[in-house]
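Counting from 782, one number per residue, gives the positions in the sequence shown under the numbering used here.
Ideal Cβ positions, reconstructed from N, Cα and C, are used throughout, including at glycine.
Being a predicted model, the structure only gives us computed values, none of them experimental.
Right, one structure below, let's go through it.
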Amino acid sequence: FDSDDDILEFLFPITIILNDYEEIVIQNESQLEAFIEDCIDDEDDVIECIDFQYPISFSIYNTDFQVIDTVVIESDGQLYEFLENL
Numbered sequence: 782f783d784s785d786d787d788i789l790e791f792l793f794p795i796t797i798i799l800n801d802y803e804e805i806v807i808q809n810e811s812q813l814e815a816f817i818e819d820c821i822d823d824e825d826d827v828i829e830c831i832d833f834q835y836p837i838s839f840s841i842y843n844t845d846f847q848v849i850d851t852v853v854i855e856s857d858g859q860l861y862e863f864l865e866n867l
């Protein structure tokens with residue numbers, strides 16, 4: 782309804798999962814406000830124009846053994862870890 786006042790209350794602690802899947806635990810409202818302020822400052826670092834449809838398969842060629850391996854990625858977290866380990 783447009784005529785009522787809705788109030789949103791957070792129950793602390795809350796856990797925020799970053800784009801690199803690091804988890805940050807926020808204990809109170811002042812920590813949350815500080816996190817939001819930092820997040821607004823870093824706004825240019827976010828890529829929002831890509832959505833992947835999982836599963837995704839990658840073929841990897843190992844030059845030492847001349848073998849092709851296939852890796853199947855099922856989630857954003859797995860994709861992040863895969864790219865970090867390349």
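Tell me the rounded alpha-carbon separation between residue i and residue j.
i      : j      : result
Asn872 : Glu804 : In this structure the chain extends from 782 to 867, so residue 872 is not present and cannot be described.
Leu867 : Tyr861 : 10 Å
Ser838 : Asp850 : 10 Å
Gln847 : Ser840 : 12 Å
Asn809 : Asp845 : 52 Å
Val852 : Gln812 : 39 Å
Pro836 : Asp857 : 10 Å
Phe863 : Leu789 : 37 Å
Glu855 : Phe791 : 31 Å
Ser784 : Phe793 : 29 Å
Can you look up residue i in the DSSP assignment and give me helix, strand or coil?
i      : result
Ser841 : Looking at the sequence provided, one finds Ile at residue 841 rather than Ser. Correct three-state label for Ile841: strand.
Asp786 : coil
Glu803 : coil
Asp857 : helix
Asp832 : coil
Taking 8 Å as the threshold, find out whether the stretch 810–820 comes into contact with the stretch 787–801 through three or more Cβ pairs.
-> yes
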